[in-house]
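Chemist:
Numbering (the numbering used here), first residue to last: 18 to 91.
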C-alpha cells in the first residue's frame, strides 16, 4: 500500500507531514495530483473519473464514544 509523507510544491520545495489529505474530487486527486498514475488500479481510476463532481456537498464522519443524547426542541 502506498504511503505519502508530504507534498512537493510547484516551486520544487517540499513540506513533510505525517498525514496528507486531499480535499479535491477523487478523480482530480488520483489523476492530476499523484505523479504515478499506475499506482492505482485502472478499475479504480475509471470508477472515480466517471463521476460529475461539480455540485457542492459536505460529508462529515464523526467518531463517537457513545450515542448522542437528543433533547426535544423548546
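Ideal placement from N, C-alpha and C gives every residue a C-beta, glycine not left out.
Enumerate, from N- to C-terminal direction, the unbroken beta strand (DSSP E) stretches of 3 or more residues contained entirely within the region 21 to 48.
Modeler: Entirely contained in the region 21 to 48, the beta strand (DSSP E) runs reaching 3 residues are, in chain order, 23 to 25 and 31 to 33.
Chemist: Are residue 26 and residue 32 touching if we call contact CB-CB under 9 Å?
Modeler: One-based indexing of the chain shown puts residue 26 at position 9. One-based indexing of the chain shown puts residue 32 at position 15. Yes, these two residues count as a Cβ contact at 9 Å.
Chemist: Where do the ends of the alpha helix (DSSP H) carrying residue 87 lie?
Modeler: The residue given as residue 87 occupies position 70 in the chain shown. Segment: none, residue 87 is in no alpha helix (DSSP H) and carries neither H nor E.
Chemist: With DSSP collapsed to three states, give me the class of residue 50.
Modeler: Working through the chain shown from its first residue, we reach residue 50 at position 33. In this structure, residue 50 counts as helix in the three-state DSSP scheme.
Chemist: For residue 66, does the three-state DSSP call read helix, strand or coil?
Modeler: Position 49 of the chain shown, counted from the start, is the residue given in the question as residue 66. Helix at residue 66.
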